[in-house]
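Have a look at the structure below, then the notes.
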Amino acid sequence: MLELRHLNTLLAIREAGSLVEAAERLHVTQSALSHQLKDLEHRLGVALIVRRTRPIRFTPAGQRVLELARQVLPRVRRTETELRRLAAGRSGRLHIAIECHSCFQWLMPALDRFREGWPEVELDLSAAFSFTPQSALVRGDLDMVITSDPVDDEAVRYLPLFRYELVLAVARDSALARPGFVSAGDLADQVLIAYPVEHERLDVFTAFLDPAGVAPASVRTAELTPMMVQLVAAGRGVAALPNWALTEYLDLKLVEAARLGEAGVWRTLYAAVRDGDESVPFIQEFMETARELCFQNLSGIKRAG
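If you read the sequence shown in full-length UniProt numbering, its first letter stands for residue 1, the second for the next number, and so on.
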């Protein structure tokens with residue numbers, strides 16, 4: 001009566017807290033998810049969730065099935081990983097460069113999880129802020145580049161990780177800390193705090209300021225996200241950062257976040273690999289692990305089409 005898809009469904013509902021968000025995670029419509037859940041309850045003869053609550057509450061029967069899912073699904077995934085390793089060979093190399101200063105928040109846990117399943121894959125990690133990583137990828141010096149700036153190259157495949165919104169971090173007493181959104185012109189008299197890379201590689205310029213023909217009053221650089229947030233909190237400027245990177249600082253009420261433009265600025269984070277490597281089993285496993293952990297732990301991100 002119980003199938004793996006049922007266990008995955010209940011676990012997704014538990015993690016998401018609502019049928020709408022669970023359906024998005026499972027890539028199905030809310031109607032299809034509700035139908036699957038009702039069919040399972042009918043077959044079991046017992047209700048599994050208490051509807052019309054947020055977050056959704058599980059009945060005692062639902063808690064029992066949820067506990068089964070927590071025990072069974074990790075074992076199934078580990079077995080699948082072992083089978084992939086047996087089918088494809090146990091060793092390989094995954095040298096990764098990142099163009100995202102905030103990526104360590106989710107990348108390190110993903111690498112830790114990946115290493116457990118593929119201990120013989122040689123892992124290496126570097127920051128790609130001072131060189132062009134796509135060229136190194138094509139040459140074979142790297143095996144993956146984490147980036148939000150795809151380059152048109154037939155030798156490279158860009159595998160989407162997730163979509164995120166670029167938002168403006170402002171001091172809590174700033175005039176920009178208001179409901180609604182900020183326009184490009186609002187930044188004309190502001191000090192923009194940015195990572196120390198070329199303007200052409202900063203989304204706040206390429207996707208927001210440059211199209212409007214606006215430049216900030218000045219630009220100040222900082223290496224680390226916590227350092228940028230502290231400068232913003234002290235009223236020393238504003239900073240454009242991924243929404244998920246700001247979550248903990250918003251919860252601590254250190255800064256406020258403002259949308260960039262009425263529609264917002266949305267970007268997609270990719271893992272770039274050489275053409276053909278997207279089918280390598282351990283790269284597929286890394287992508288699955290990274291996506292899973294991102295959607296478990298990061299706020300405000302969306303699945304990329």
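No residue lacks a Cβ here, since even glycine has one placed at the ideal position from N, Cα and C.
In the three-state DSSP reduction, Trp106 falls in the helix class (H, G or I). Taking C-beta atoms as the reference points, Arg115 and Leu123 count as a pair closer than 9 Å. With a cut-off of 8 Å on Cβ pairs, the region 200-220 is in contact with the region 259-279, counting three or more such pairs.
Lys302 places its beta carbon 9 Å or farther from that of Tyr158. Taking a contact as a CB-CB distance under 8 Å, the pair Val72 and Leu26 does not count as one, their CB atoms being some 17 Å apart. Within the same chain, Trp106, Pro109, Ala110, Arg113 come within 8 Å of Leu293 by CB-CB distance, once the 5 residues on both sides are set aside. For Ala127, the beta-bridge partners assigned by DSSP are Ile98. Ranking Asp143, Asp152, Met144, Val232 by CA distance to the CA of Leu168 puts Val232 first.
For the set Ala272, Ala290, Pro55, Glu154, the Cα lying nearest the Cα of Ala22 is the one of Pro55.
If the five residues before and after Arg43 are omitted, its C-beta is found closer than 7 Å to the C-beta atoms of Met1, all from its own chain and listed in chain order.
With a contact defined as Cβ atoms closer than 8 Å, Val170 and Glu256 qualify at about 5 Å. Around the beta carbon of Thr29, a 10 Å sphere encloses fewer than 16 other beta carbons of the protein chains shown; the residue is thus reported as exposed. The beta carbon of Ile193 sits closer than 6 Å to those of Arg220, Ala222, Met228, Leu231, Gly237, Ala239, all from its chain and outside the five residues before and after it, given in chain order. For Ala12, the number of other beta carbons within 10 angstroms of its own is at least 16, and it is reported as buried.
Within the region 207-291, the runs of beta strand (DSSP E) that reach at least 3 residues and sit entirely inside it are, in chain order, 218-221, 239-242, 256-260, 265-274. Annotated three-state conformation of Arg52 is coil, per DSSP. Closest option to Arg274, judged by alpha-carbon separation, among Gln63, Met144, Arg64: Met144.
Per DSSP, the unbroken beta strand (DSSP E) holding Glu165 starts and ends at 156-170. Of all alpha-carbon atoms in Glu198, Gly235, Gly140, Ala61, the one lying nearest the alpha-carbon of Asp173 is that of Gly235.
Residue environment analysis places Asp277 among the buried positions, since at least 16 neighbouring C-beta atoms fall within 10 angstroms of its C-beta. In the three-state scheme derived from DSSP, where H, G and I count as helix and E and B as strand, Val46 is classed as coil. Between the beta-carbon of Ser148 and that of Ala245 there is about 12 Å, and that puts the pair past the 8 Å contact cut.
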